[in-house]
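First residue of the sequence shown: 56, per the working numbering; consecutive thereafter. Following: one structure in structure tokens, then a few remarks.
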Amino acid sequence: MKRLPFLHVLFLFAAAGLVLMTLGWAGQSSAAAQEPSQRGPYTATSFGPWNAAVAKTHVPEVTYEKAGTALTVNVKVDNHPMDAQKPHFIQWIRVEDGNGKLLAKKIFKPTDPAPAATFHLASIPEKLKVLDHCNVHGTWLNEVDVKLP
Ligand SMILES: [Fe+2]
């Protein structure tokens, strides 16, 4: 008789585990359907549930030039829509140093004409981590080593 409650508890845990596993698997069967905007950052070569074509329109393009002791960084997310109707747009672009310290950020509205920004950094980091965030396709990253002549 003393073993009966233990078996009941064991059965309940097993049943709960089965339910959780089933829900988890069902949720992963369509990765794109699960709030993908909360995942990432994705890159040109590691784009999660997306494909290379999606990566091409989301990975931020980065150019830079020295401006005295500072650095001017130009970022654009080429060919990405800024569509307020769906909505589908780039919500922000941020620039971090190699350690992930935020150096600059620009926030966009879906009615902005294009997801592009110019940042004037006070110092010149060895590495830039440039990220953007699409409300549909999540966060995308481009890491760039800063090499100046
Ligand atoms: Fe997108």
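Where a beta carbon is used, it is the ideal one built from N, C-alpha and C, also for glycine.
Other residues of its chain near residue i: CB distance less than 7 Å, five sequence neighbours each side excluded
i: LYS161; result: TRP147, ILE148 and ALA172
Close beta carbons around residue i, own chain, < 6 Å, minus the five adjacent residues each side
i: ASN134; result: THR112
i: PHE182; result: Note that residue 182 is Lys in the sequence shown here, rather than Phe. Result list for LYS182: GLY153 and ASP200, in chain order.
i: ALA110; result: ALA99 and PHE102
i: PHE174; result: VAL128, VAL150 and ALA159
i: ASP167; result: MET137
i: HIS188; result: GLN146, TRP147 and THR194
Anticipated Cβ contact below 8 Å, residue i with residue j, distance rounded
i: LYS131; j: GLU116; result: 5 Å
i: ASN197; j: VAL114; result: 5 Å
i: PRO142; j: PRO170; result: Contact doesn't hold; Cβ gap of about 13 Å is too wide.
Residue(s) in a DSSP beta bridge with residue i
i: GLU181; result: None; GLU181 has no bridge partner.
i: VAL117; result: VAL130
i: GLY193; result: CYS189
i: LEU157; result: GLU151
i: LEU176; result: LEU126
i: HIS135; result: BP columns for HIS135 are empty, so no partner.
i: ALA169; result: According to DSSP, ALA169 bridges with nothing at all.
i: VAL199; result: LEU183
Other residues of its chain near residue i: CB distance less than 8 Å, five sequence neighbours each side excluded
i: LEU203; result: LYS121 and ILE179
i: MET76; result: Reliability of the predicted coordinates at MET76 is poor, the pLDDT of 44 falling under 50, and the value obtained from them is presented with this limitation in mind. If we look at MET76 and ignore the five residues flanking it on each side, it has no Cβ neighbours.
Cα-Cα separation between residue i and residue j, rounded to whole angstroms
i: PRO136; j: LYS184; result: 23 Å
i: PRO96; j: ALA139; result: 23 Å
i: LEU176; j: PHE163; result: 20 Å
i: PHE144; j: LYS156; result: 25 Å
i: HIS192; j: TRP105; result: 8 Å
i: ALA108; j: THR118; result: 21 Å
Can you tell me which residues fall inside 6 Å of ligand 2, judged by beta-carbon distance to its nearest heavy atom, and keep chain order? Only ligand 1 can be found as ligands here, which leaves ligand 2 out of the picture.
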